[in-house]
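Just below is one structure, and these are the notes that go with it.
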Amino acid sequence: MSALQRSTAKRDAGIDRVSRLLTLPSLAIIFVFGILPLVIMLVYSFLKPAAYGGVEWEFSTEAYVSFFFTQDIFDETLTFNPDYLSIYLRSFVFAVGTMIACLLLGFPTAYFIATRPAHQRQWWLLLVTIPFWSNLLIRTVAIMLIIRDEGLVNHWLINLGVIDRPIVMLYTNFAIVLGLFYSFFPFMVLPLYTSLEKLDFRLVEAGFDLYATRGRVLRRIIIPLAKPGIVAGCLLVFIPALGAYVTPLILGGGTHLMIGDLIAQQFGSSRNWPLGAAQALILMSGVLVALFFYARNTAGKGVGHGR
Amino acid sequence: MAGRGTDVRRQPGFGLIAGLCLTILYAPILVLVIFAFNANSIVSIWTGVSLDWFAKALDNEGFHQAATNTMIVSITATIIATMAATAAALGTTRVRSWRGQSAAYMTISLPLMVPEIITAVATLSFFALVASVFGINLGLGNLIVAHTVFCIPFAYMPIRARLEDMDLTLDHAAADLYATPWMTFRRVTLPLLAPGIVSGAALAFIVSFDDFTISQLVAGPGQQTLPVFIWSMTRRPMTPELNAMCAILLGISILFISFSALIGQRRR
């Protein structure tokens, strides 16, 4: 090893050490203001609620008990109360439904964009990217404005003589599912596109050469090759849909609750922070399960083409 | 071959579905923006073009206050997050992999994986605790801190992507010409990295500017940001003034999105 090489190596090692230090500000910010609050919430979930919001520093498992049971005021017997659980179940069903709808419609959309001529593709992609980054609240308000009783849809239907009184769409389950689909559709298309863009169409051609039909090529070649995108897209839709807050807040009108509103309610009007913290942690464990499945599904597999 | 190639790729009906979905995606936004220009005060009946509602929106005292808060929070959070993310990107790319590197990477992307509502109530709990134990309330500072956390991963991603595409030989060339590491960074790495930094900052700004859930729960009285203010407007009788405010916010977001996308594309 020459002297020059040695000094370069030494300098590189020094740079490496400095480099590691460079990650510190980000890690410190996220640790103190991102992870520590989650730990505090875990602690809060085992405390008692204070009368005007906040917590009393007294250990209690009341929050978790009241998640499943109602306690009788007089004889303190516990009866099973499925109210909260049913909201969790509803949210889960909505999230899965949204995920499936996004996949069924997002796959053709992503495929269509990925098979456009190269110079057109970026414009099609921009059309999906803009809603992806646009203000979720405003997009949800936009839906609310057109589906409410005095909204454009009802206005037109009445003018056309199809109906004589407005169809109630706002503040229904339909509104929430529509809103969720509308909110998270771009989250499905973008990862699908990334997978489909890399698709080697010689394999598709080979399929046709072996007399496969279009449907068969789609099922046996294209979809299996797009699997990383499908899995990523499903996760990106499922997680935010499960914890959706804005959509049910605006389109559910406080009567069709999802987990997100339920949690916010405990920290707001219900003033039961420990219960809210427990509910948030139960949601978080659901998210971790989803992430675990994702990690298991993608571990050891490259993003490239299968054999 | 070319003709055959396009034919092989075609799947019947996919174009139709794509068109339909994109229409669904844009129709509500377009309606919202179009009715912001409506002369009438009833949101669904069109009577003529007018800019009155925009004038009214821009004249609204609450809107001004919210815009000021938003600007303070978003710009500060963007600057802090972009600086931290740039440093972190330099520390996680172009170095020999180190122990804990993947843990560092996971920590940085953590804010993306936690549902917003959980981040919101956790942050609220955190600041409540800080206020009760230390008696500290940073006011708008609380919002800035909360925004900085989720801005970091958004700023980090494009910067890291840009760094990974960059050629290390230029840095080595600079070093061979006896540039100090700092000079190499200042004169070679940083200028080449600039598009990534700008693109990351634009993304950080968008997500901060558009954030509703966290701001709504963390903001104290008088700390409303624009999305929180717009939400409070939907709870009152609605006029096209609401549409005009939404249109202004959408316009700003789209401007930054396109800007970030354009810079990202120049990379290729």
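Note that the protein sequences, when read in sequence, are chains A and B. Okay, so the first sequence: first residue is 1458 according to the working numbering, each after it adds one. Okay, so the second sequence: first residue is 264 according to the working numbering, each after it adds one. Backbone N, C-alpha and C define an ideal beta-carbon position, used for all residues, glycine too. This structure is a prediction, so every number in the text was calculated from the model and none was measured.
> Quick one: what's got a C-beta closer than 8 Å to B/A299's C-beta in the same chain, skipping five residues either side?
Replying inline: In the same chain as B/A299, and ignoring 5 residues on each side of it, the C-beta atoms closer than 8 Å to its own belong to W316, F317, P503, N506, A507, C509, A510, in chain order.
Given A/R1764, which residues of its chain have a CB within under 8 Å of its CB, disregarding the five upstream and five downstream residues? With a pLDDT of 32 at A/R1764, under the threshold of 50, the predicted position of this residue should be treated as unreliable, though the coordinate-derived value follows. None.
Residue range of the alpha helix (DSSP H) that includes A/T1572: Looking at the DSSP string, A/T1572 is not in any alpha helix (DSSP H), and its letter there is neither H nor E.
### Message
Excluding the 5 residues flanking B/F389 on each side, which residues of the same chain have their C-beta closer than 6 Å to its C-beta?
### Response
Around B/F389: no qualifying Cβ.
Using the Cβ count rule (16 or more neighbours within 10 Å means buried), how would you classify A/P1731?
By the beta-carbon neighbour count (other beta carbons within 10 angstroms, threshold 16), A/P1731 is buried.
Practice task
Inspect the beta-carbon positions of B/G311 and A/T1480 and report whether they are closer than 7 Å.
Solution key: By the CB criterion at 7 Å, B/G311 and A/T1480 fall outside the cutoff.
message = Does any residue of chain A have a CB that is nearer than 7 Å to the CB of B/T476?
response = Judged by the 7 Å Cβ criterion, B/T476 is in contact with chain A.
- Leaving out five residues before and five after B/G527 in sequence, what residues of the same chain have Cβ atoms less than 6 Å from its Cβ? Within the same chain, B/G527 has close Cβ partners S462.
Checklist entry - Is A/Q1723 helix, strand or coil when you go by DSSP? => result Three-state result, A/Q1723: helix.
Counting Cβ pairs, one atom from each stretch, are 3 or more of them under 8 Å apart for the region 484 to 504 of chain B and the region 319 to 335 of chain B? Yes: the two stretches touch, three or more of their Cβ pairs being nearer than 8 Å.
Residues of the region 1512 to 1532 of chain A whose Cβ lies closer than 7 Å to any Cβ of chain B, in chain order:
Residues passing the 7 Å Cβ filter: none.
Taking Cβ to Cβ, would you say A/Y1639 is nearer than 7 Å to A/A1567?
-> The answer is no: Cβ separation not under 7 Å.
- Message: For a cutoff of 7 Å on Cβ pairs, would you count A/T1536 as touching chain B?
- Response: No, no contact with chain B.
Restricting to runs no shorter than 4 residues, where is the alpha helix (DSSP H) found entirely within the region 419 to 476 of chain B? Secondary structure remark: continuous alpha helix (DSSP H) runs of at least 4 residues inside the region 419 to 476 of chain B, in chain order: 431 to 439, 444 to 447, 453 to 473.
What is the residue span of the alpha helix (DSSP H) that A/F1525 lies within? A/F1525 -> alpha helix (DSSP H) spans 1519 to 1525.
Bounding residues of the beta strand (DSSP E) (the contiguous stretch that carries A/F1537) = A/F1537 -> beta strand (DSSP E) spans 1535 to 1537.
* Report back the beta-carbon spacing between A/L1660 and A/I1678 to the nearest angstrom; my notes put them in contact at under 8 Å. => With 8 Å as the limit, A/L1660 and A/I1678 qualify as a contact, their Cβ atoms being about 6 Å apart.
Point to revise | Residue-level contact to chain B via CB, A/W1580, 7 Å cutoff | key: It does not: the Cβ of A/W1580 has no partner Cβ on chain B nearer than 7 Å.
Whole-angstrom distance between B/V336 and B/I460, CA atom to CA atom: C-alpha separation (whole angstroms): 19 Å.
Practice prompt. Could you tell me which chain B residues have their CB closer than 8 Å to the CB of A/V1661, listed as they occur along the chain?
Written response: By Cβ distance, chain B contributes V271, R272.
Neighbourhood of B/V412 by C-beta distance below 7 Å, restricted to the same chain and skipping five residues each side: Non-local beta-carbon contacts of B/V412 in its own chain, meaning distances under 7 Å to residues more than five positions away in sequence, involve P374 in chain order.
If we count the other Cβ atoms within 10 Å of its Cβ and call it buried at 16 or more, is B/F492 buried or exposed?
The residue is buried, with at least 16 neighbouring Cβ atoms inside 10 Å.
*What is the residue span of the alpha helix (DSSP H) that B/V393 lies within?*
Start and end: 379 to 397.
(request) Return the CA-CA distance between A/M1498 and A/P1705, expressed in angstroms with no decimal places. (result) Each residue's Cα considered, the two are about 24 Å apart.
*Of all the options B/M496, B/R273, B/A394, which has the alpha carbon lying nearest to the alpha carbon of A/L1594?*
Of the listed residues, the one whose Cα sits closest to A/L1594 is B/M496.
Report task. In angstroms with no decimal places, state the Cα-to-Cα distance between A/D1718 and A/A1735. Result -> Straight-line measurement puts the Cα of A/A1735 at about 14 Å from the Cα of A/D1718.
When you compare the region 1583 to 1598 of chain A with the region 1719 to 1727 of chain A, are there three or more beta-carbon pairs, one atom per stretch, that lie closer than 8 Å?
These segments do not touch.
Q) Who are A/K1505's beta bridge partners in DSSP? A) DSSP lists A/E1513 as partners of A/K1505.
| said: Which same chain residues end up closer than 6 Å to A/V1744 when comparing Cβ atoms and leaving out the 5 residues on each side of it in sequence? | reply: So the list reads I1696, once near-sequence residues are dropped.
Query - Sufficient close CB pairs (3 or more, under 8 Å) joining the region 402 to 409 of chain B to the region 418 to 433 of chain B - result: Touching, no.
ask   = Beta-carbon of A/L1495 versus every beta-carbon of chain B: anything under 7 Å?
value = Interface residue (Cβ-Cβ distance to chain B less than 7 Å): A/L1495 is classified as such.
Review point. Near B/A348, which residues of its chain fall below 7 Å by C-beta distance, leaving aside the five closest residues on each side in sequence?
Key: Excluding positions up to five away in sequence, the list reads I415, A418, Y419, I422, G463.
message: If you reduce the DSSP assignment to three classes, tell me which class A/Q1528 lands in.
response: A/Q1528 falls in the strand class under three-state DSSP.
Quiz item: Does the beta carbon of B/D428 sit closer than 7 Å to a beta carbon anywhere in chain A?
Solution: B/D428 has a beta carbon lying at 7 Å or more from every beta carbon in chain A.
- Message: How far does the alpha helix (DSSP H) with A/I1679 in it extend, from its first residue to its last?
- Response: Looking at the DSSP string, A/I1679 is not in any alpha helix (DSSP H), and its letter there is neither H nor E.
Taking A/R1605 as the reference, give the member of A/G1636, A/G1618, A/A1747, A/Q1577 with the closest Cα. The residue with the shortest Cα to Cα distance from A/R1605 is A/G1636.
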